[in-house]
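Here's the structure we're looking at; comments come further down.
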Amino acid sequence: MMMFFNSVRLAMRSVTKNKMRSFLTMLGIIIGVMSVVMLMSIAQSATGSITGAIASMGAELLTVSITEEDIALTEDDLSPLKEHESVSGVAPYLTVSGTVRSGSSYLNVSATGVTDTYLDVADLKLQSGRSVVPSDLEWNTKVAVIGTEIAGTLYQSYDVIGKTFTMSNTIFTVVGLLTESGSDSGGSLDSRVLIPLTTAQHISDNTDITTFYVKAVSADAVAEVKTYTEQLMYSLTGDEDAYSVYDQSQLQSTLDSVTGTMSLLYGGIAAISLLVGGIGIMNIMLVSVAERTREIGIRKAIGAKRKHIMMQFLTEACVLSVIGCLIGLGLSVVGLRVYSLIAKTETEIYSIAATASLAFCSVIGIAFGGYPAAKAAAMTPIDALQRR
């Protein structure tokens, strides 16, 4: 143990003696660690946000989409689903892109045409006002339920009930305000604009239903509802490739697969930087051995054994690698805070990536410092003392 601490002390003395050279040697490790930790942390944060968004939709929810352009449904086609004993609600919806304006304020949005069941099915809550009601659908009324971000941008206030805005040359009256939901990696969840489905169909000149939610009465009933929905969709379309029925577990499985692949890709790219840093450490350690041959010869002449020389240079390589890693981790924390401010999302350092980087850097120090250390340990006192 004493030999180890002496080796660390000598290694620190050697590192601090040539500060600029040591920093340049560690630079590859610093950049590699920053790449690994920041990329993995951002990927992990994005995965957590999307997972939370999926979970917030509820385990009982199914999403049905028509994938063939020449096939569309009407609300009457969905009646069997609404009457099924294991279905608590069906909510068709239609997305309409446009610009909402109020006075000098405006915002580009994707408004969603919904029915009176949409909020219950999608598990959205009202902060004030009311939702879309059957009479809105019957009379194609120009009303809207908006998110808090829309309210803040257009009116600089959450007191929005009764206020108006213009979209697609149509004046809408705000009748409801949704509770604040925050944001995920896809953007703000509070920028929703919900309008009656029939109004959205009129604006877009499209009465077809191509997407809708189906909510089961419980998580245990999801499999039964999914099977029934698939059977109904096949009977309506006659082509099993013309539609897709997703439950939350499928969405989560797809997400896990994609993010797992991306994490491996990010890790592989960043690991190359660490390997380049390791080569830099080997290079500088070979230079160090060449510069300190007389020191090695003197130490051996006064009784230092092969293992002592080996330990000294291995420790020095590890110290360079680990210090570079620690600097990289510190800069990663700063970088992630800057990213959080720019992206307006909370991104914490991924502890597994940080721990793995530290362990990997220790291995790099041993692996790339091994050859220079062995070369130094193999010198004989006479050969080392004769070199200039």
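Counting from 1, position 61 in the sequence shown corresponds to residue 418 in this note's numbering; the numbering is continuous, with no gaps.
Each residue gets a CB set at the ideal place from its N, CA and C atoms; glycine is no exception.
Burial state of GLU417 is buried, judged by a 10 Å Cβ sphere holding 16 or more other Cβ atoms. For MET524, same chain residues with a beta-carbon under 6 Å away, outside a window of 5 residues either side, are GLY455, VAL457 in chain order. A distance below 8 Å separates the beta carbons of ASP473 and VAL490. In the DSSP assignment, ASP477 falls outside any beta strand (DSSP E) and lies within the alpha helix (DSSP H) extending over 475-479. Assignment of beta strand (DSSP E) within the stretch 559-599, counting only whole runs of 3 or more residues, yields 568-573 in chain order. The shortest CA-to-CA distance from PRO553 to any of ILE566, LYS572, TRP496, THR586 is the one to TRP496. Its chain contains CYS682 as the residues whose beta carbon lies nearer than 6 Å to that of LEU715, once the 5 sequence neighbours on both sides are disregarded; these appear in chain order. Within the DSSP bridge table, the entry for ASP604 names LEU419 as partners. Within the same chain, GLY533 come within 6 Å of LEU483 by CB-CB distance, once the 5 residues on both sides are set aside. ARG458 is bridged by DSSP to TYR463, THR523. For PHE529, same chain residues with a beta-carbon under 7 Å away, outside a window of 5 residues either side, are LYS499, VAL500, ALA501, THR521, PHE522, ILE552 in chain order. Comparing alpha-carbon positions, the option among THR382, SER398, LEU419 lying closest to LYS583 turns out to be LEU419. Its Cα nearest to that of SER488, the residue VAL531 stands out among VAL531, THR452, GLN513.
Secondary structure at GLN484: strand, using DSSP grouped into helix, strand and coil.
The stretch 456-471 makes contact with the stretch 507-521; the number of CB pairs closer than 8 Å reaches 3 or more. CA-to-CA, the gap between ARG370 and VAL615 works out to about 47 Å.
Annotation for ILE552: the continuous beta strand (DSSP E) segment containing it runs 550-553. Taken atom to atom, the span from the alpha-carbon of ASP433 to that of THR555 is near 14 Å.
Under the three-state reduction of DSSP output, VAL646 falls in the helix class.
Taking ALA713 as the centre and dropping the five residues before and after it, the same chain places the C-beta of VAL393 closer than 8 Å to its C-beta, in chain order. Under DSSP, LEU534 takes part in a beta bridge, and its partners are SER485, ILE503.
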